[in-house]
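Student: In terms of my numbering, the sequence shown opens at residue 75 and continues consecutively.
Positions of the beta carbon are idealized from the N, C-alpha and C atoms, including for glycine.
Computed from a predicted structure; not experimentally measured.
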Amino acid sequence: EIELQSYLNSINCRLIDDDLERARARLLDVSEEKEGKMDVDDGDRLLREGKVGLFSKKLEELEGTAQGAKDKLNHLFAQVDDRRRKREIPDYLCGKISFELLEDPVITPSGITYDRADIKEHLQRVGHFDPVTGAPLKEDQLIPNLAMREVVDNFLTKNP
């Protein structure tokens, strides 16, 4: 994900730079058309007439627009980074069997929380015992862990 972000950022910056170069070239073309092809001596005349200042001002505007686009892009990627960091699931919200986010947390008599689907599959495939403690366990002993459900829901609300 980070490599993709870096790649996209470099491509987008290159595109912004290419747009800036095209805009500069258009500005030069328009400037040359208005003034005719410039000779070396024309520089002093243009400077006296204040046209170089206008050209420089337009060029600065173009560069400012390009830099603004790069800054906006970097800001967007920074926001994605923040979201990605927050999205990492804490261990206490993960099941002990699948190590994935608990979808339907249940608690066993030994006090360990599992995801209902994972523990049911364990009971059917492996045997009727708690996978962590080894204590005997039947499906009807599983109790919904409402407190953990609330914690998971809160996490999902803050980290869509």
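#1: Hey, is the stretch 212–222 in contact with the stretch 170–185, meaning 3+ C-beta pairs nearer than 8 Å?
#2: With which residues is residue 175 paired in a DSSP beta bridge?
#3: Could you check what DSSP says for residue 163 in three-state terms: helix, strand or coil?
#4: By the three-class DSSP mapping on this structure, what secondary structure does residue 180 have?
#5: Output yes or no for whether 7 Å exceeds the beta carbon distance between residue 94 and residue 140.
#6: Alpha carbon to alpha carbon, how far is residue 214 from residue 229?
#7: Which residue wins for smallest C-alpha separation from residue 224, given the options 210, 166, 86, 185?
#8: Please return the same chain residues whose Cβ sits closer than 8 Å to the Cβ of residue 154, not counting the five positions on each side in sequence.
#9: Do residue 172 and residue 145 have their beta-carbon atoms positioned less than 7 Å apart in this structure?
#10: Mapping DSSP to helix, strand and coil, what is residue 187?
Tutor: Taking the coordinates as given:
#1: yes
#2: 168
#3: coil
#4: strand
#5: yes
#6: 28 Å
#7: 166
#8: 79
#9: no
#10: strand
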